[in-house]
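Report on one structure; see the data block that follows.
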Amino acid sequence: MRGTPRNDAPGHRPISTTPPKPRPEAEQPERVSKSRYVKPKVLMGEVTAPRGLEIGRQRDAFRAFMIARHLRPSEWARAAGIPAGEILGFLTGKTRTIAPASLEKLARAANCSPEDFFH
142 MRGTPRNDAP GHRPISTTPP KPRPEAEQPE RVSKSRYVKP KVLMGEVTAP
192 RGLEIGRQRD AFRAFMIARH LRPSEWARAA GIPAGEILGF LTGKTRTIAP
242 ASLEKLARAA NCSPEDFFH
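All residue numbers for the sequence shown refer to our numbering, where the first residue is 142 and numbers rise by one.
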């Protein structure tokens, strides 16, 4: 039953017999590339900014230091008393630097100086 029992009028308007007007299709922007995949974005300006290139070199040198000394990020961080996320974030590019205090602790745990990480 439609409407309310006290009122005989229906609870809605009469149904229209005319079809609704079609909406215009949204225009798609013209594609520059023929590829169906999205173009990758630049991560933290590392490709375009000169400072980004320097950070990339530091990251590579830090990784080479770890490989040469057979250091694993989680074990090394635990020995230094810092969160492993600091090392992992730097190695993956999520963070641009490691805090100087954390570098000091890592150097103490590896028996070297912080400058040795980036040479």
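Heads up, the beta-carbon is just placed ideally off N, CA and C, and yes, glycines get one too.
Item	Value
Straight-line CA distance for R198 to R249?	23 angstroms
Could you give the first and the last residue of the continuous alpha helix (DSSP H) run that contains T233?	225-233
From the DSSP output, in three-state form, read off Q169 for me.	coil
According to the neighbour-count rule (16 or more other Cβ atoms, all chains shown, within 10 Å of its Cβ), is E227 buried or exposed?	buried
Leaving out five residues before and five after F258 in sequence, what residues of the same chain have Cβ atoms less than 6 angstroms from its Cβ?	F203, F206
Comparing alpha-carbon positions, which option in R200, S157, E216 lies nearest I239?	R200
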